[in-house]
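K.L.:
In the numbering used here, the protein residues as written are 24 to 147.
1) Run the CB neighbour count on residue 155, radius 10 Å, all protein chains shown included, and call it buried at 16 or more, exposed below.
2) Evaluate residue 48 with the Cβ neighbour count: other Cβ atoms within 10 Å of its Cβ, from every protein chain shown; 16 or more gives buried, anything less gives exposed.
3) Where residue 96 and residue 131 are concerned, what is the direct C-alpha to C-alpha distance, given to the nearest angstrom?
4) Residue 24 to residue 58, Cα distance in whole Å?
5) Output the distance between the C-alpha atoms of residue 53 and residue 29, rounded to the nearest integer angstrom.
6) Who are the Cβ neighbours of residue 63 in its own chain at under 6 Å, not counting the five residues just before and after it?
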């Protein structure tokens, strides 16, 4: 069952990251849709794999849900901000605005991935 949690987190992170990245690109009016969606997918896979591994490690704690929520949201904000700044730099636009958009996208992603982790972990 532990493998299922990690696989669900990585797979869900990939798909949700692609969707959130594409949505952020569309809402911000970026012409480089594929670049932003690709960064979203890569960041989603990275955060999903790391959060799934972390959730597996803390599953035996009494308050494992709180730890998973905090870790996943913090990592999602961080990775979203970094990818947003990188996107702004690559597209010669404002890195501060792009970093903020990345952080917002990371927050939305973090909430959705947390729901997957908590639901999958609760069935264990």
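We put the beta carbon where it would ideally sit given N, CA and C, even for glycine.
P.N.:
Well, looking at it:
1) The chain is shown from 24 up to 147; residue 155 falls before or after that span and cannot be answered.
2) buried
3) 9 Å
4) For residue 24, the pLDDT reaches just 47, beneath the cut-off of 50, and the residue's location in the model is therefore unreliable, leaving the point undetermined.
5) 32 Å
6) Leaving aside the five residues that flank residue 63 on each side, the residues in its chain whose CB is nearer than 6 Å to its CB run, in chain order, 40, 41, 43, 44.
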